Amino acid sequence: MERAVTRTTKTRTTEPPVDEAGALSTAACLFRSLGDPMRLAIIRHLMLGPHRVVDLTRHLDGPAQSSVSAALACLRDCGLAESQPQGRASLWSLSTQPELLELLASAEKLLAATGDQVALCPVYGTGTSS
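Under full-length UniProt numbering, the residues of the sequence shown are numbered 1 to 130, in order.
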């Protein structure tokens, strides 16, 4: 009588599982959407209440209206901002204000804990070109 021998081989992978990789990619997209100084400034203004593009352009003191519109479109496409028609203009507001406030408050705590050391990062710090 012959015995069948079954071998199981365990393979080690260094890649995260597919669903984890997808979640990490999505998180990276979220942080990239928040990684632009103009978009962060717009978010800060929208935390005060709804604004029209023309008002945001005036408050931000400098960027072209088309740049502000493009930044708002990015925030909208990421699910962070929304607009409502108001006459011939649109009134922009945050669509996820409580969650966004919590995330930004956590980021401020992290910056305080690291002593703003991220500004010295050779890849993403102040004075680097991206």
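Idealized CB from N, CA, C, for every residue including glycine.
All values reported here derive from a predicted model rather than from experimental measurement.
(message) Using only CA atoms, which one of 47, 39, 52, 46 lies nearest to residue 87?
(response) Comparing alpha-carbon positions, the option among 47, 39, 52, 46 lying closest to residue 87 turns out to be 52.
(request) Mark residue 110 as exposed unless 16 or more other C-beta atoms lie within 10 angstroms of its C-beta, in which case mark it buried. (result) Answer is exposed; the Cβ neighbour count stays below 16.
(message) Can you give me the C-alpha to C-alpha distance between residue 117 and residue 84, rounded to a whole angstrom?
(response) Looking at the two C-alpha atoms, the distance is approximately 39 Å.
(message) In this structure, how does DSSP classify residue 48 when only helix, strand and coil are distinguished?
(response) Correct three-state label for residue 48: coil.
(request) May I ask you to report which of helix, strand or coil DSSP gives residue 134? (result) Because residue 134 is not part of the residues shown, which for the chain are 1 to 130, the question remains open.
(message) Our contact map puts residue 40 next to residue 34 with C-beta atoms below 8 Å; I'd like the distance itself, whole angstroms only.
(response) About 6 Å separates the two Cβ atoms, so the contact holds.
(message) Buried or exposed for residue 54, going by 16 or more other Cβ atoms inside 10 Å?
(response) Around the beta carbon of residue 54, a 10 Å sphere encloses fewer than 16 other beta carbons of the protein chains shown; the residue is thus reported as exposed.
(request) Would you list the one or two residues that DSSP bridges to residue 91? (result) In DSSP, residue 91 forms a bridge with 52, 84.
(message) Classify residue 80: buried if its beta carbon has 16 or more other beta carbons within 10 angstroms, exposed otherwise.
(response) Result: buried.
(request) With distances taken Cα to Cα, identify the nearest neighbour of residue 72 among 62, 59, 32, 92. (result) Nearest C-alpha to residue 72: 92.
(request) Starting from the C-beta of residue 59, find all residues in its chain whose C-beta is less than 8 Å away, skip the five residues before and the five after it, and write them out in chain order. (result) Result list for residue 59: 45, 51, in chain order.
(message) In whole angstroms, give me the CA-to-CA distance for residue 89 and residue 74.
(response) Between the alpha carbons of residue 89 and residue 74 lies a distance of about 18 Å.
(request) Report the residue from 20, 66, 99 whose alpha carbon sits nearest the alpha carbon of residue 43. (result) Checked all of 20, 66, 99; the closest Cα to residue 43 is 99.
(request) Closer than 8 Å by C-beta to residue 125: which residues in its own chain qualify, once you throw out the five before and the five after it? Chain order, please. (result) Excluding residues within five positions, the ones whose Cβ falls inside 8 Å are 118, 119.
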